[in-house]
Structures are given as C-alpha cells and as structure tokens.
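Printed below as a string of structure tokens:
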C-alpha cells in the first residue's frame, strides 16, 4: 500500500506544478495512460490473492479517480488563468465615439398634419384632397366669389398661363383649401365630415408671408348642424392640439363669401417673455376663420340647402405649427436648412396618436 | 376706415364708453385695428386751485405756490409767469408720469424749497405746442379729473381716433353713419335722424349733362355761383386731420367729409373751366386724363369718363381731373353726385392702378338712393361754409332699382346659429338696421348691396345678437362607438413612405411647388402649360415637374453652409401639366456626399447607386409593393445613363434610382456625386383582397443546404438575369439565390468578361438531400444559367 501513497503524493504534486495543458497531458499519460504507472499496477492485480486484490484494487481505483479529478481541476484553473491573462491585454478606449448612424426627421408641417388628422378622425372626419392647380370656378365662383367681387382681389391669386386661343378663364393655383369643400361634396354628397389639409398659394412674400403655405379645411354637413356645434368642434380641436387642459374661444362676426354667418375665431392666450401660453391670460389671438356654409356653396356642389346645413372652417397649418412648437420664422419652413430640419423636425417614430398624446 | 369718437357721436346718441364701443365694433364684425386715445395718458391729472403765490427766496423767475388739491394744501414751486393766486390749474402729483417731458414726478427740492408736484402747461400734457405758461382753466372744481373737464369743455382735444377693418361686404360701413347704425342696432345708443331739406335753386342750371353709358345710371349736378373757397373751418380740418387727411380747401374738404361721413363721394368741378355741356360716356381709345394726383392716365374703352368740349375732365367714380379741379380762385362750382357701376369701377381702377377713396366705395357699392339727398346736404354745407347761390339740380337717369325682399324664418335662424334669439328680437334687429318688415318678408335697405338672400338676414341677426355669446354644443359622432379608420390606402402609403424615409435617416424637406424655368426644363418641364402667368419671382415661374430640382437646390444651399454629407427627402406633388389633376404624388430621396463622417473605424465611404436602390426598395416594401419586380434601364435624361435603373411591373414604373447626371449636378451647383430615387406612390398596385390574416407559415424541419457557384459571363450581363435563371432551375427546391461576389481580373477585363458568384440555398421538403440530389440540381442550375446568359462555370 505504501506504493500507492507514494504514487499519489508524486502525481498530485506534479499536477499542481504543471504549467500548461501539454504538461498536464504528459502527467496523465504517465499515470493513467495505457502504459502509465497506475495502469501497470492494475495489471498486477491478477497475481494477487483475492483478499489483496480486493483492497489494492479498490485503493488503485480511488487513486485513479482522484488523479483524474485533480487533472481536470488543474486544467480548468489553467484555462481561467490564460483567459484572465488575455483579457488583461484586451483594453479599449470606450470613450471613443460610437459607430455613426443617420437620424432622419419629419418636417413640422407633416407632423402637424398627422396631429390634425388624428384629432379629427376621432370626431369622425375623413381626409379629402383636391388639385393644387384649380379652375377658377372651384376656387372662386362655386364658393360664391363672383369674378368682379372685391374679395377676389384680396386673394392675391397666382394665375396659370393660358395658351392663345384657349378662351377659358385661366386656372389658378388654389388660394385656399376651400375648393376641396366643393369637390368632396360633389363626390360624396351629404351628410359629410371631412378635413382637407394641403398646399395653398398666394402672391405674397415678406417677413411673415410665403407664396406657398399650408391650410386645413374642415367641413361638416348634416341635417341639423349649428354654429354652436362648430364652436364645440373647434374648442375640442384646440384643446387636444395645443395639449392644454382647457381653451377658451371667442367668435367674432366677420365676412367670408362662402359662409354665412361667418366668424373669425380668437383663442385666449398670454405672452410672457415671448413665450405663448394657450388657454390662459388676457390676450386674444386670431387663429382661424369659420362659418356656416353658404346656401349658394351647397347649391354649387349639388347639395340641397333646404335639406342640409353645416359648417366649414379654414386654418393655417404652418401658423399653428409655429404657435405650438415655438418656431419663429415661416420662411425657414421652406428653406431646407439642415440645422433647422434637425432642430424642429420630429423623429420617425414620433407618430401622433391620441392614446399616447400628440407630442412627446 | 378711421373716425373719431366725437364724429361718431354726431350720428349716434350714446353714453357708452370708448371701451364698450370698441368691443361692440369688433364683435359686430367691424374689427377694431387700433385706437389712438389722447386721454389715456392724462387719466391721473386733477384740477387744483392756487391759494397763494410768492417770490422764491433764492430765484428771480420761480414762485412758491400754496395749492389746494384733492389731498389738501400742497406747496409747489413753479416757473410759469402766470402762476398766481386764484387760478384753476392742472395738477401733476408726485408719482404721475408727465408725457410731454417724459418724466415721472417725485417730491423735489428746488433751490432749497420743497415742491410737491407741478402745474402743467399744454405742451407738457401734449395737448398743443403752447408753453408760455401753465394751463388756466375758466371753470372746474378742485379734485375734478382733468379728462372729465376736457370731455365736457373741449372734447376735440382728446377725441379718440378709432381705426376699423371693413370686410368687402360692408360698403355701408365706409361712412361713419353706417357704423353708428350698427352700434345703434346693438343697443349702444340711438341713431340720430338725418334731416335732408332740399335747397331750392335760384336760377336754371347752366351746365347740361348727358348720360351715354349704362355704367352710370344716375347723375345729379348743380352749379353754385359766387362761392369763396378759402380754408375750411377748424372743426372740419380737425376731423380730416384726425383720420390722416390733409385739409386742402373748403370745397375739397367738404367732398372728403361726405365720403367718410355719409359714404357719399362727390366731385366738384370749377364751373369756369368747364367748356360746354358735360357728357358721361365710355372712354375712347387714345384718350388721356391728367388726374388730380398729378399723373396722366391712358384710358381704354369701357372706362367711364366725364367729358366737356375740351375732352375728358374726370374718371367717373375714381378720380377728377387736374384741369377742371377747384382751387382758391374758384368762384363758381359744379357739384356732382352720381352712381357708378361697381364692376366697371373695379375694372377701371385695377387697370389704371388708382386706389382712391371714391373707387374703394363705388366698387363695393354705395347707396344709390342717397344720390339726390347727398347733393342737397352738400349744397347746404357749401352755402354755409363758402356762401354762393345754387342753381336747380339736374338729375340725369334714374335711381337703379334695388328693391328686394327675403323671407325671415326665425326658427331657421335658431337652428343654424345654435343660439336662442327670440323672434321679436330678430325682427327688431333687422328693423334697426334699416330693413322694412312686411309679415315674414324683410325688405333690404338700399345701402346694403351685400344682402342677397335669406342667409344674409341670418348673418345680420347673428352678428348683432353677438357671436361672442355663442356656447359650444357637442357634435355627436355620426356613428356611435369606436371611430372607423379614415385614411384612404393612398393616404396611408404617403404616411408610410414619409415615416420610412425618416427612419432610414433622411431629413424631410418641404420645398416650393414652383421653380425657375431652367431647372424645370432640365427635368422635362418648363413648358407654357405649367407656367405661372404672374410669378412673384423669376425663381418661381414654373410648376415643378419633379421633386429632385428642389432637393438638389436645397443640397447646394446646405453645401454652401458647410454640410457635405446629407440625406434629404420630400413627399409631395409634381405637375405633369397645367390642368387640375395633372398632379402626381412622388416621394424622392437624395443622398449627397459620404455615408458617414470620418471616424476611427473607417465608416466613411462614398454613397453609391446601391444605397439609393436599397432605400428605394425599403420604401416600396413599406408601401406594399410586390417583392418580385423588374429592373430596366429606361431612365429619364437627368439620371446617369450607366448608373441608374427603373423598378417596374411591366410598363408600370414604381421607382427610379441611380446617380444624378453629372451635368445636372453642375447646372444646379451641387458638388457631386449624388444618388437619388423617386417613388411613384400611386403606381404601386393595391392588394386585391384586404385581410389582416397572414398566409400560413411553412417551415421545413429538414436541414437547408447552401451551394456556391462562380460563373464567368460577358461584362454586360446583368446579375438579375443570372439570378432569375438559377432560381428557375428548381422552383420547389431553391429557396433563394444571392449574388455574393462580382469581380473582373485584368485578363477577364481584356476579354470583356467578369466573374459573378452566387450562393443558392436549397430547402428540401419531405426527405433529406443526398449528394446525388444536390449534384443533379447543381447541374441544372449551371445549365439554366449558361442558357440564359452564355455563362461558363469558372474553373
């Protein structure tokens, strides 16, 4: 038995002392390999008496298991040490910049159009569209603005060129989104609830005007829609759009040829240090024009004004975008300055919806 | 339209405050644009009485006064020579702001003597330039407010000026009397009666007038002899000055007064300068007029002129002539009151670019029935201010018939406005506005050309009742429950395209729909059909045929600002022609510069056509385009001919992608290269059936196998042809074919060849592939590819 203890001592010591995996393998072979010392000892068991064989055999087996476990353990600890050594050399400056990624943006006009759509969709309005080159009938006559009416001059209209021999009145770049009222009524009849956002054009260019801008038209026609309903719809819209707990609107009598009665709509607000606050304060700011659709307009669109009535309104999209998001200059909307686009633009996934709130 | 409060009160008997009047005006639809109120800066000053005045101990020119004020006796040092015992003065106390010297007073010590305020001169209160002494009032008690005293005694000195905006439908409000009528209807006082007493003629009218045009249906005229045309009286001058008009002479000032007071434009000819009779007729080509503004106008046929034997003397309803105008030497005057057709007046005024107060009124429509009363009232005033003897009035033509009546449906008013307005209140409103009610029929007054139907009656009632009082009332949903989706498929796609492009890192631009002719021509547009007749600038003359020119210009501007790399996009309309509807919705992306800035990892690389293609495909996929498409090379001229392509379904073009033609970049000042793509959103076919259900997912449990093939082909061979041929070798087994390498060695280049390498993924179903199966399909792939492209397997 002494031999076994000697073997055990010798091998355990050399395992502990092994410096790498190949040294360990050598030790394994010389101890447990086919011709290893322990294997040789096993072969000698046959020459022993049954009693001797039992005790020595068991002892040898224990030794074999013990050495095997020691070899494995040493192998793991060597690998750990090697990994630690490698990791010690693998140092990076993690303050270096990340890999580049482009961030796109949505233009405020598009964002606000989606906000409008989300709010009005909830009130049952769909989105109607119409051409931007418009016949003067749709842009003016059908909206009760006859050719020589002074209101027509106030529109600062862009006219399209008319080829010689073409005696039709020249087409215009639509001066407002109101012609979509006519087109939507012609296409769908009454009852109807639509909004129509889009580009409009006026011959005007200065600090606060651009020859192209955006409007949204609203139209609701049914059997008994009143101006009081109009006021409620606009109140609800403004409250939701400006994301304030309450708003106060003031209707002021005015004149638009296509509505009667007509009202300019003011919203209560305050200006503190150049910052606009909607829904509080002592100032009133005009935000849109509205009224009850003129019977002649309904007639022009083929809707019987003795059967149907309703309201229409028109609002500047760029303007409410400026008010809501504190954008100072209208002209910059159309200049595509990257700095502006990135600063005032919206992330691709900032999709306005009523459940999550319109803006972040 | 401007007027003063005291002017308004010549027509309106009212005790309403300025604030109440201003509020009511705006609320009635006569929006107040501004108010200039001289009293607003005098509100703190009160009357006081000097009890005693004595010489200042240390100053020759100063006096120390004991003054009785509403706060008891005060000591005030004063430098005015008229500061003396017993006079009533205007007191400014410590803390008051004195406008004329721009100082807020404190308690001061003047040469050792305390002074508790000051006694003001007119200049110090900005009432006049008077500064010889302090104000001495002939009446008033200590403690009275100075503004009250002024209002009582010299209201013209603090007469507030009100500036209102008149909408085009309200010509009647272009005279102060019309405004007063609206306020009276609102209940802010009563409209004073306007007595018109005809002035009997003293001799036959020596100037005869003939009407020869329908554009002037009515003309009244008379001569007044022996007038003295000096300056008009102070009250008249003050009124005109208050609204920004320059007083000229009594006769001219009277015509201006009538224009603004009663909306009754008049004209005065110097009768001595009129040769023969007057004829109102259409102008003849070649005729000219030297008008009162000193300019000569070339007239056109159809314009209404008033002529005598010397030729054209006046442009009817717009402006008189210089030659026959009145000046201080005028002794005999011919006074004209006429009615000119609104449309003719508007057309003429616009053609000649004359903006006069007369044109402004005639083109909106004045009260034709007030023509003869107008000339009588004006005669009376001329006689009062200038003296003279009037002739008979000649009235040529007749008052145009404006009689009409509309039914007032009081229930409909309530239903439409959504506000309870009692029927009798509705009727009372119309009556106070001058309507005559006969049963349900409302007869429209002659001064309201805008009232043309029942709806107009409703508007009158609503605005007088005050829309400010309107309370919102919920608009119930048309359909109860969760609202239905409302966007059309095309609208959904527009939104998806936009959001996808932003997600891909592009910045959305909104550029103008009109561009310059040269840019438009470069992109296949710029024809007369899309030309704007009256562009606002030479850079905005033509509707854009494409979104690229606008984006390229934007890129050039950004490059000039020092940004070299950018990804821009726009979703918007392009115009194929100038008819309504010749408009197509495009989504265009533009990549300029490198994929990234320089960085430690070498991320920077030039962007190329395959970046543009990838993004175009991403957008197409987002808006539901089918995966299997054709790519052709039939691109427009603004693309690089060798590095661009069209993605299509047969003849239907879904998108174009590629490098922008270098000549285009050069023309638009873009430092290139630049790649771009344009998606024709509406050309992507809609799904035949719309269902949220997905087709069942088929997954095989068997191992897929990938095999690589390298072919040598002609350099011009397109990869897609090769890929499609390989995929067609066994449609059931081949899951995908992917190009993973393209290469040409020098030797291959010399022979016009290149290598294309593909990897084919085989997905067996039912049984595992054996080597034999794989060999069989491989052979078929090689055969198909060879047949389609002439390719040889690379050895």
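Residue numbers (the numbering used here), protein chains in the order written: chain Z, 23 to 382; chain G, 895 to 1689. C-beta atoms are modelled at their ideal positions from N, C-alpha and C, and glycine is treated no differently.
Check	Outcome
Short CB-CB distance (under 7 Å) between residue 923 of chain G and chain Z	yes
CB contact flag (residue 1077 of chain G, residue 906 of chain G, <7 Å)	yes
Helix, strand or coil at residue 306 of chain Z according to DSSP, with G and I counted as helix	strand
Contact under 7 Å by Cβ, residue 1570 of chain G with residue 370 of chain Z	no
Cβ shell of residue 1394 of chain G (< 7 Å), same chain only, five flanking positions each side left out	1512, 1513, 1516
Contacting positions in the segment 344-367 of chain Z - beta carbon closer than 9 Å to chain G	355, 356, 357, 358, 359, 360, 361, 363, 364, 367
Which of helix, strand or coil DSSP assigns to residue 1110 of chain G	coil
Pairwise C-alpha distance: residue 329 of chain Z and residue 1305 of chain G	14 Å
Residues that residue 50 of chain Z contacts on chain G, provided the C-beta gap is smaller than 9 Å	Those do not exist, as residue 50 of chain Z stays about 37 Å from chain G at its closest Cβ, beyond 9 Å.
Residue 1036 of chain G: first and last residue of the uninterrupted alpha helix (DSSP H) it sits in	Per DSSP, residue 1036 of chain G belongs to no alpha helix (DSSP H) and is neither H nor E.
At least three beta-carbon pairs within less than 8 Å, the segment 329-348 of chain Z to the segment 1353-1363 of chain G	no
Sequence-distant residues of the same chain with beta carbon closer than 7 Å to residue 1175 of chain G, five excluded per side	1106, 1107, 1199, 1201
Identity of the residue in G/1598, G/1058, G/1688 nearest residue 1628 of chain G by Cα	G/1598
Ranges of the alpha helix (DSSP H) found wholly within the segment 1361-1433 of chain G, counting only runs of at least 4	1383-1397, 1411-1416
CB contact check: residue 128 of chain Z to chain G, cutoff 7 Å	yes
For residue 1291 of chain G, three-class secondary structure by DSSP	strand
Any chain G beta carbon closer than 7 Å to residue 155 of chain Z	yes
N- and C-terminal bounds of the beta strand (DSSP E) containing residue 1208 of chain G	1205-1209
Contact list for residue 1367 of chain G against chain A, beta-carbon separation under 8 Å	The displayed structure is made up of protein chains Z and G, and chain A is not among them.
Limits of the alpha helix (DSSP H) - the one that residue 1202 of chain G falls within	From DSSP, residue 1202 of chain G is part of no alpha helix (DSSP H) but of the beta strand (DSSP E) over 1198-1202.
is_contact[residue 1457 of chain G, chain Z] using C-beta, thresh 7 Å	yes
For residue 1182 of chain G, the three-state DSSP class (helix, strand or coil)	strand
Cβ of residue 380 of chain Z within 7 Å of any chain G Cβ	no
Completely contained beta strand (DSSP E) runs for the segment 290-358 of chain Z, where each covers 3 or more residues	297-300, 305-315, 331-338
Cutoff 8 Å; reference residue 967 of chain G; Cβ partners in own chain excluding five residues on either side	945, 960, 961
Residues that residue 1469 of chain G contacts on chain Z, provided the C-beta gap is smaller than 9 Å	154, 155
Interface residues of chain Z facing residue 1474 of chain G [CB-CB closer than 7 Å]	153, 155, 156, 157, 193
Which of helix, strand or coil DSSP assigns to residue 1284 of chain G	strand
Among G/1100, G/1065, G/1674, G/1342, nearest to residue 1625 of chain G - alpha-carbon criterion	G/1674
Per-residue contacts from residue 1012 of chain G into chain Z (C-beta, under 9 Å)	Neighbours of residue 1012 of chain G on chain Z: none; closest Cβ ~33 Å, over 9 Å.
Start and end residues, alpha helix (DSSP H) containing residue 1459 of chain G	Unbroken run through residue 1459 of chain G: none, as it is neither H nor E.
Under 7 Å from the C-beta of residue 837 of chain G: neighbouring residues of chain Z	The question about residue 837 of chain G has no answer, for chain G in this structure spans 895 to 1689.
Contact between the segment 1160-1173 of chain G and the segment 1204-1216 of chain G (3+ Cβ pairs under 8 Å)	yes
Host alpha helix (DSSP H) of residue 1556 of chain G (start-end)	1556-1561
Distance CB(residue 1372 of chain G)-CB(residue 146 of chain Z) smaller than 7 Å	yes
Any non-hydrogen atom of the ligand SAM within 6 Å of residue 1227 of chain G CB	Only the bare structure without any ligand can be found here, which leaves the ligand SAM out of the picture.
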